[in-house]
Amino acid sequence: MNAQIELVSARSVLGPEPVPDLACADRIIISNSGGKDSIVAMDEGVRLADEAGVRDRIVVLHIDLGRTPRGHSVEWPGTVDLARRQAAHYGLPFEVRSMTKWPSLVHRIRARGQFPHLMTRFCTSEKRGVARRFMTEQVNALGISGRPARIVHVMGFRGEESRARSRRPAVEVDHRASNGRRTVTHWYPVLRWSTAEVWQRIRDQGLPYHWAYDAGMSRLSCSLCVLASVPDLECAAGLRPELAREYADLEEEMGVPFRRELSMAEVIRRAGGAA
């Protein structure tokens with residue numbers, strides 16, 4: 001794994017974060033990307049669910065972003081299997097869902113004619129839609145009548161990752177996902193954790209994590225994410241040159257760069273490949 005700079009976390013300054021009333025939750029859905037923050041959020045979520053005696057209400061959801069037209073996985077190879085092993089580490093049921101309209105995120109990008117960017121993160125919107133459909137499945141399976149089902153949705157968001165995330169509360173009601181049949185509460189157990197604290201928990205608990213971190217990646221996400229740092233993009237392009245080449249061909253086909261200020265062809269050149 002990458003060497004990390006030891007930082008004082010926001011939680012050490014601000015104190016304990018609020019926790020939803022897990023004992024009152026009808027279903028606890030843990031979204032697991034397979035990344036370091038997801039597995040630590042799962043570890044923390046399971047710990048507190050055990051304190052409330054409700055581990056049996058947890059289900060783990062992984063959203064698979066599919067395979068490109070050339071057959072490459074959008075996610076890092078082995079991610080789905082890792083997410084399954086991470087759920088099995090706690091004896092939790094594991095479910096995989098994907099987009100219904102598009103075989104992969106790359107197919108969605110091609111249909112839209114542009115890559116996602118900070119102000120138009122339609123990739124996130126697609127994943128949110130998959131998660132909400134899964135919530136509907138869970139509510140239907142619960143069969144609760146006379147009141148909305150209470151869903152707690154656990155995610156590994158951390159405030160260090162972006163200014164927008166740093167302003168989030170650790171627990172918040174998702175009014176858009178809530179309706180007459182369900183109330184959805186988002187919970188971010190590691191929101192105020194530093195990167196160093198996340199890796200410390202992984203080491204202390206012996207939690208399974210993805211090989212891409214040891215290969216130089218600081219984040220998992222999609223292999224080639226428009227929001228990734230330049231060093232991560234260069235690392236990913238070196239590790240997955242065929243996928244990078246497909247993205248470069250796609251940007252040429254659509255006439256738009258991967259990022260406004262940085263083309264995938266340039267990323268490939270920086271990574272030492274042939275653009």
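For the sequence shown, full-length UniProt numbering assigns the number 1 to the initial residue and increments by one for each residue that follows.
Ideal Cβ positions, reconstructed from N, Cα and C, are used throughout, including at glycine.
Source: prediction; values computed, not measured.
Cut-off 8 Å between Cβ atoms - residues of its own chain near residue i, not counting five sequence neighbours on either side
| i | result |
| --- | --- |
| H89 | L207, P208 |
| G180 | P148 |
| V140 | Here the sequence assigns Asn to residue 140, which means Val is not the residue at that position. None. |
| W102 | G66, R108, A111, E126 |
| L48 | V19, L22, P189 |
Identity of the residues DSSP links to residue i by a beta bridge
| i | result |
| --- | --- |
| C222 | E75 |
| W187 | V154, V171 |
| T120 | H117 |
| A149 | R182 |
| V59 | I29 |
| E95 | L61 |
| L233 | Answer is none; L233 lacks a bridge partner. |
| G34 | The partner list for G34 (beta bridge, DSSP) is empty, contrary to what the question assumes. |
| L262 | R259 |
| G66 | S104 |
Which listed residue (the options) has its alpha carbon closest to that of residue i
| i | options | result |
| --- | --- | --- |
| V40 | A196, V152, R181, E252 | A196 |
| R57 | V152, P257, P241, G255 | V152 |
| S221 | E51, E161, E17, R55 | E161 |
| G156 | P257, V130, S166, C24 | S166 |
| W193 | A83, H186, R158 | R158 |
| A83 | V106, V59, T100 | V59 |
| H107 | D174, P93, G78, L250 | L250 |
| P257 | H117, F122, G53 | H117 |
| V80 | L61, C24, E252 | L61 |
| residue 276 | S263, Q200, E75, C24 | Missing from the structure shown is residue 276; the chain here goes from 1 to 275 and no further. |
| L239 | H72, Q138, R182 | H72 |
| M99 | D64, R121, R70 | D64 |
| S104 | M119, P93, C123 | C123 |
| V54 | D26, Q138, D43, G78 | D26 |
Neighbourhood of residue i by C-beta distance below 6 Å, restricted to the same chain and skipping five residues each side
| i | result |
| --- | --- |
| R270 | E234 |
| G216 | C235 |
| A87 | V60, F94 |
| V171 | P18, P20, W187 |
Residue i beta carbon near the ligand HEM (any heavy atom closer than 6 Å)
| i | result |
| --- | --- |
| C222 | Ligands displayed in this structure: none; no statement on the ligand HEM is therefore possible. |
Own chain partners of residue i with C-beta closer than 7 Å, once the 5 adjacent residues on each side are dropped
| i | result |
| --- | --- |
| A177 | R132, M135, V184 |
| W76 | H210, A212, L220, S223 |
For the stretch 132-147 and the stretch 112-119, state whether three or more C-beta atom pairs, one from each stretch, are separated by less than 8 Å. no
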